[in-house]
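Read the structure below first, then the notes.
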Amino acid sequence: MTLFVSGYAFQSLSFSMPGLVRDWKLAEGMIGPLLSSAIFGLLLGYLVVAPMADRVGERPVLRGAMLGLALSTLLCMVSPGIEMLALGWVLTGIAIGAALPSAVSIASRQGQVRWRGAQVVGIYVAFSLGFLAAGLTSGWLVPQAGWRAPWAAAVPLALLMVVLLGAVLPGKRAQQEKEQAGRPLAALFDPRLRTGTLLFWIMFSIGLGLFYALQSWLPLLTAREGLPFSSAVTATSLFTLGTALGALPMIWLADRMGPFRALVAMSGIGLTGIVLLGTFAARGGLPFHGAAMLAGIGIGGGQKGMVAAASLFYPPAVRTTGLGWALGLGRLGAACGPLLIGYLTMRDIESGTALLCLALPVPIVMAAAGLLERTYGRIDRAVHHPPSQGREAR
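Encoded structure:
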């Protein structure tokens, strides 16, 4: 539920952009930096705030993150100008970035080793469902009550989570877990881990860059082609639905061929969807909407698979550090994605061509996942720390 609320609040920012740009008469050059301000906040949340959970426990960090999310969203609602709005988006990103690693950490410690990856994927499905809910509600709220309206629902939801998290989660982590958690960054470059660490950083950067570029810009790119707002909402909502549904083939493929080979397959699906999305951008209609959903399945399923694979790859002693840094540095790519699309639109590049440019880095993700498979093998079947059992150790 925490990630559902976080996803809803984050995606509400994007669906408010068309009305915001129109009412405030923003230049296109301002849109990319504004969208990236929330990504910058996510980066700060991952690298600065989230590690505090290793010292004080997940409950206070999650509750503080939800309280911060409520206040930052309220700040966005009342912002009179672009400067305060950008500050609100940064604070929103910090709150969400603080919440995600703690939620994943809780999921990765539950149940049998074989199914922990599936549990982490399930956590991220809730995040995608929050994105989907933002799309569905924005399609009704924005025409009725204006572009600020979607943010209003996020405030009480976040405050409700502050109360529920206090009642459900334990107040402190076990002492043994505290001693194992939060190891130095240098531990990620142990000879057994460093190849995987670098490859995960590359995959997360590209994967998140693609995800946030499409999630943030798809409504505006659709509007640039003269298509109605309803078409923008439909395409973005189907993309978001695809990111949630992508968890199903990802789990199925990972169980049969391993998480790394599954990532290669899901990236191929995402590549196909992006190419079709760019091809049909000017036409709209069913082919465009279907391509949006296919792209969401590949990109969203692959992103969830990356998180699950990283949680299996790193041993408990460095899992929080490894996952936090992969997600955090991945946000650098997430910030670059919207900026790239913003640059292309400033150059008057057609929406379809801009979307096709997003397909170029996907083969790099496929190559990185293939190299991880070749180096470490089936990490989801390892009894002990995967790299010590994998091919690199031999």
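Reading the sequence shown from the start, the letters are residues -10 to 383 in the numbering used here.
C-beta: ideal position from N, C-alpha, C; glycine also.
As the structure is a prediction and not an experimental result, all values here were calculated from the model.
For V10, the CB contacts under 7 Å within the same chain, skipping 5 residues up- and downstream, are I20 in chain order. When C-alpha distances from A92 are compared across V114, A27, W78, the shortest belongs to V114. Taking 7 Å as the cut-off, the Cβ atoms of W190 and L318 count as close. Our two residues, R213 and S340, have alpha carbons roughly 7 Å apart in a direct line. About 6 Å separates the beta carbons of G30 and T81, which is inside the 8 Å limit, making them a contact pair. Going by DSSP, F228 is part of the alpha helix (DSSP H) stretching over 218 to 234. Around the beta carbon of L275, fewer than 16 other beta carbons lie within 10 angstroms, which makes this residue exposed.
Using a 10 angstroms sphere on the CB of D12, the tally of other CB atoms stays under 16, which defines it as exposed. Closest option to A84, judged by alpha-carbon separation, among I95, M41, A96: M41.
Inclusion of Q108 and A123 in the CB contact set at 7 Å is not warranted, their separation being larger than that value. The shortest C-alpha to C-alpha distance from V253 to any of Q292, G359, P139, A280 is the one to G359.
In this structure, the CA atom of W241 is about 20 Å from the CA atom of G262.
If you draw a 10 Å sphere on the C-beta of W129, you find fewer than 16 other C-beta atoms in it, and that means exposed. Take M150, set aside five residues on each side of it, and the residues of its chain with a beta-carbon closer than 7 Å to its own are M(-10), T(-9), V(-6), M55, in chain order. Its Cα nearest to that of G196, the residue Q292 stands out among Q292, S94, L301, P22. S127 carries a helical assignment under DSSP once its states are collapsed to helix, strand and coil.
Residue environment analysis places S25 among the buried positions, since at least 16 neighbouring C-beta atoms fall within 10 angstroms of its C-beta.
The C-alpha of L63 lies about 43 Å from the C-alpha of I368. A distance below 6 Å between beta-carbons, with the five flanking residues on each side excluded, links L265 to the following residues of its chain, in chain order: A280. Shown here for G267: same chain residues with a beta carbon closer than 6 Å to its own, the five before and five after excluded, namely G341, L344, L345 in chain order. In the three-state DSSP reduction, S68 falls in the coil class, being neither helix nor strand. Note that the C-beta distance between L260 and A348 is below 7 Å. Closest by C-alpha distance to V50, out of L203, H278, S94, A315, is S94. Where R367 is concerned, there is no enclosing alpha helix (DSSP H), because DSSP gives it neither an H nor an E.
Annotated as proximal: A(-2) and L58, with beta-carbon spacing under 7 Å. Secondary structure of K14 (DSSP, three-state): coil.
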